[in-house]
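Here the structure comes first, spelled out in structure tokens, and everything after it is commentary.
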Amino acid sequence: MIRARDLKKHFKVHKRPPGFASAMRSLVSRKYEVVKAVDGVTFTIERGERVGFLGPNGAGKTTTLKVLSGLLHPTSGEVEVEGKVPFRRQTKFLEAITLVMGQKSQLIWDLPPSETYAMNRAVFDVPHEQFKETMAELTELLDLGPLLDKPTRQLSLGERMKCELAAALLHRPTTLFLDEPTIGLDVAMQVAIRDFVRSYNQKHDATVLLTSHYMDDVVALCPRIIVIDAGVLIHDGDLRQLIKTMDPDKRVTFTLTGVVAEDEITRLGSVLVRDGQRITLRVPEREIPAVVGHLLGPLKVADLAIEDPPLEEILRVMFGRAREAAAS
Amino acid sequence: MSVARTLRTVPTLLRVGVAETVAYRGEFLIWILTTTLPLVMLGLWTKVAEEEPFAGYTAAGFTAYYLSNLIVRNLTGSWVAWQVSEEIRLGSMSMRLLRPLHPMMAFAMSHLAAVPFRSVVALPIAGILLVSSGASTLTTEPLQLALLVPSLVLAWMITFTTMFMLGCLAFFMTKSMSMMNLYFLLFSLLSGYLLPIPLLPWWIREPAEVLPFRFMLSAPIELMTRSLSGREIAELLASQLAWALAMLAIALWTFRRGVRRFEAVGG
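Chains as they are written, first to last, in my numbering: chain Y, 75 to 402; chain P, 34 to 300.
Okay, structure coming up:
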């Protein structure tokens, strides 16, 4: 279980205008500014939940994850993870959590991943039998076999990420903080990592808090999302419900198989994308049966797909509204 | 983390440390080369004492001093300050903080694993020392020779903890390496690295005799090259132990205070 109440993390940042004169002035007199990276965030995540943690760059997502994993001391507020206060970094707490950062590596750079695994086994005091069993499971799920004895520096980004995940999960943590775990990976690898995270969550009833700039990760993995902007929580709830509230219309995409008059299309819904014969319409949900009937009947379209609006679009609208509210 | 559990990690950490040392052998050799300044000083001072002893040191005495200096420096030197400072600055210290093992312990094991490789350099120098003119001025007292090992261990501990503490200053200042330059200046002057402490002017010698730098380097050299009374030996080792414990406490305190300010940049 993860609980944050009125969590704040402020940083004091040295500010200096560009130029030689200001550099000289800063030698004797420095100006500091307080940056409110996280400013009063409250949420609770139950055991076994998979939650997407979203926000634009600099919103405070990674800072929050670092506070929750005990790397940063909060400025104020209360935080509890697995019944412990993270920044005390007690052994029981560190054994129960893991933090995977897509842009930071815990693997020893010039040695094969198997050496990092051996070290983690010793440090986390994982019994040899359990280590073998977990290693076998991770090797199979992540297809690590050929990678274990290659120096980390010679692994591709995707290979390294798989090895990072294995290193982070060897001690079987029950709370996973995943910060951009699929960054820079190709689509196939992103899907593999997502599948793995889902199966780990189900098998070990693990809590997952995920940040990702790939909305597909979030849509595929997280029934619930928490949205943060400028350090402030602006949404916490069911992902589908959010989409429905923000934009209840569906996206209907199809390919025309013959010549159709323009007004035949526009009376079905507003055209969002037109790429030759491929068209995407925005259609109110209640009109879907009639529109689909018309498309498949008289218009004889191919490749028909009905989808929710993309999460990116929803978030863009949401951040825009939050900024307007803050400005007013 | 309990002491018993920490001790259980030692064999694996040492094994991984050896693998790391082998992987970074190029860097390691270059670091060893940077510890050869005593050879330059050896050439200089044996020339000075060629005709007659200088401040009680004969040419053979200087030979014994600087070769012992090279051996001790080789076995007890540490570069952990650079590693710690860099990991804090770049944020990669985060990964160490997520493990239930104090980062100082992890670094200590990794550095201890390199000691056998350092002896690749230290042992031939010891061989040269034994056949050189300096051999005649080395101690033959069994007690002094027996206490050389604990003295070297304590010298390593003082050096390592001091360097770890200096690295931790990166928690408080963005560029803590300027402190390293100041440290190295003080170390070179006050530890006996550049010249034996008795050759220093009294106003530097007196503080040098009690400050920790002497116990990082000069103390084991004194055991090797001087004839000491039982009381002097006891004082030397007691001071080393006291400084080792004090620096350990200061390093742990600095780390604990620093972690509170850690910004875990990047990622």
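For every residue, glycine included, the Cβ atom is placed at its ideal position computed from N, Cα and C. Computed from a predicted structure; not experimentally measured.
Quick one: what's residue i bridged to in DSSP?
i       : result
D312(Y) : R298(Y)
H84(Y)  : K110(Y)
R99(Y)  : Note: R99(Y) sits in no beta bridge, so no partner.
F76(Y)  : A small fix is needed here, since residue 76(Y) is Ile in this sequence, not Phe. According to DSSP, I76(Y) bridges with I119(Y) and V155(Y).
F127(Y) : I300(Y)
V174(Y) : L252(Y)
R325(Y) : R356(Y) and E381(Y)
K318(Y) : According to DSSP, K318(Y) bridges with nothing at all.
K42(Y)  : No information on residue 42(Y) is available, as it lies outside the stretch 75 to 402 that chain Y covers here.
Which whole-angstrom value is the C-beta distance of residue i and residue j, which I expect to be below 8 Å?
i       : j       : result
L75(P)  : Y99(P)  : 4 Å
R325(Y) : T354(Y) : 6 Å
I267(Y) : I317(Y) : With 8 Å as the limit, I267(Y) and I317(Y) do not qualify as a contact, their Cβ atoms being about 23 Å apart.
T42(P)  : A196(Y) : 4 Å
A192(Y) : T45(P)  : 6 Å
R151(P) : L108(P) : 6 Å
L185(Y) : A52(P)  : 5 Å
L385(Y) : M289(Y) : 4 Å
A78(Y)  : G151(Y) : 7 Å
K83(Y)  : V155(Y) : About 15 Å separates the two Cβ atoms, so there is no contact after all.
Please state whether DSSP places residue i in a helix, a strand or coil.
i       : result
G134(Y) : coil
F295(P) : coil
S286(Y) : coil
L417(Y) : One cannot answer for residue 417(Y) here, as it falls past the ends of chain Y, which runs 75 to 402.
S150(Y) : strand
R132(P) : coil
T281(Y) : strand
R41(P)  : helix
R90(Y)  : coil
D184(Y) : coil
A146(P) : coil
G144(Y) : coil
R163(Y) : coil
W112(P) : coil
T3(P)   : A query on residue 3(P) cannot be resolved here, the shown segment of chain P reaching from 34 to 300 and no further.
S179(Y) : coil
T69(P)  : coil
V273(Y) : According to the sequence shown, residue 273(Y) is Ser rather than Val. Helix at S273(Y).
G59(P)  : helix
S152(P) : helix
G160(P) : helix
Is the number of C-beta pairs between the region 174-188 of chain Y and the region 243-261 of chain Y that are closer than 8 Å three or more?
yes
Beta carbons nearer than 7 Å to chain C: which residues of the region 174-189 of chain Y have them?
In the structure shown, chain C cannot be found, because the protein chains are Y and P.
Quick check: the region 116-135 of chain P against the region 217-224 of chain P, are at least 3 beta-carbon pairs closer than 8 Å?
no
Write down every uninterrupted run of the alpha helix (DSSP H) in the region 189-271 of chain Y whose length is 4 residues or greater and which is fully enclosed by it, in chain order.
202-216 and 231-243
Would you list, in sequence order, the uninterrupted alpha helix (DSSP H) runs of no fewer than 4 residues that lie entirely inside the region 227-295 of chain P?
235-243, 245-249, 251-258 and 263-294
Would you list, in sequence order, the uninterrupted alpha helix (DSSP H) runs of no fewer than 4 residues that lie entirely inside the region 162-223 of chain P?
Complete alpha helix (DSSP H) runs here, min 4: 175-201 and 210-223.
Examine the Cβ distances between the region 142-152 of chain Y and the region 218-228 of chain Y and report whether three or more of them are shorter than 8 Å.
The region 142-152 of chain Y vs the region 218-228 of chain Y: no contact.
Which residue spans inside the region 327-393 of chain Y form an unbroken alpha helix (DSSP H) run of at least 4?
Runs of the alpha helix (DSSP H) lying entirely within the region 327-393 of chain Y, each at least 4 residues long, are 336-340 and 362-370 in chain order.
Meets three-Cβ-pair contact criterion under 8 Å: the region 385-401 of chain Y and the region 108-126 of chain P:
no
Is it true that the region 255-263 of chain P meets the region 279-289 of chain P, where meeting means three or more beta-carbon pairs spaced less than 8 Å apart?
no
Any contact of the region 179-199 of chain P with the region 283-294 of chain P, i.e. 3+ C-beta pairs under 8 Å?
The region 179-199 of chain P is in contact with the region 283-294 of chain P.
Length-filtered (4 minimum) alpha helix (DSSP H) runs lying within the region 83-109 of chain P:
92-109
Inspect the CB distances between the region 119-127 of chain Y and the region 268-287 of chain Y and report whether three or more fall short of 8 Å.
Between the region 119-127 of chain Y and the region 268-287 of chain Y, the count of Cβ pairs shorter than 8 Å is three or higher; the stretches touch.
Is the region 219-233 of chain P close to the region 200-209 of chain P, with three or more CB pairs under 8 Å?
no
Would you say the region 372-391 of chain Y touches the region 326-341 of chain Y, given that touching needs at least three Cβ pairs under 8 Å?
Yes, since at least three Cβ pairs between the region 372-391 of chain Y and the region 326-341 of chain Y fall closer than 8 Å, the two stretches touch.
Inter-stretch contact at 8 Å, needing at least 3 Cβ pairs: the region 266-276 of chain P / the region 178-190 of chain P
Yes: at least three Cβ pairs fall under 8 Å.
Between the region 152-167 of chain P and the region 82-90 of chain P, can you find at least three pairs of beta-carbon atoms closer than 8 Å?
no
Any contact between the region 125-135 of chain Y and the region 96-115 of chain P? By contact I mean 3 or more CB pairs, one from each, below 8 Å.
no
Could you tell me whether the region 198-217 of chain Y touches the region 59-73 of chain P, where touching means 3 or more Cβ pairs closer than 8 Å?
no
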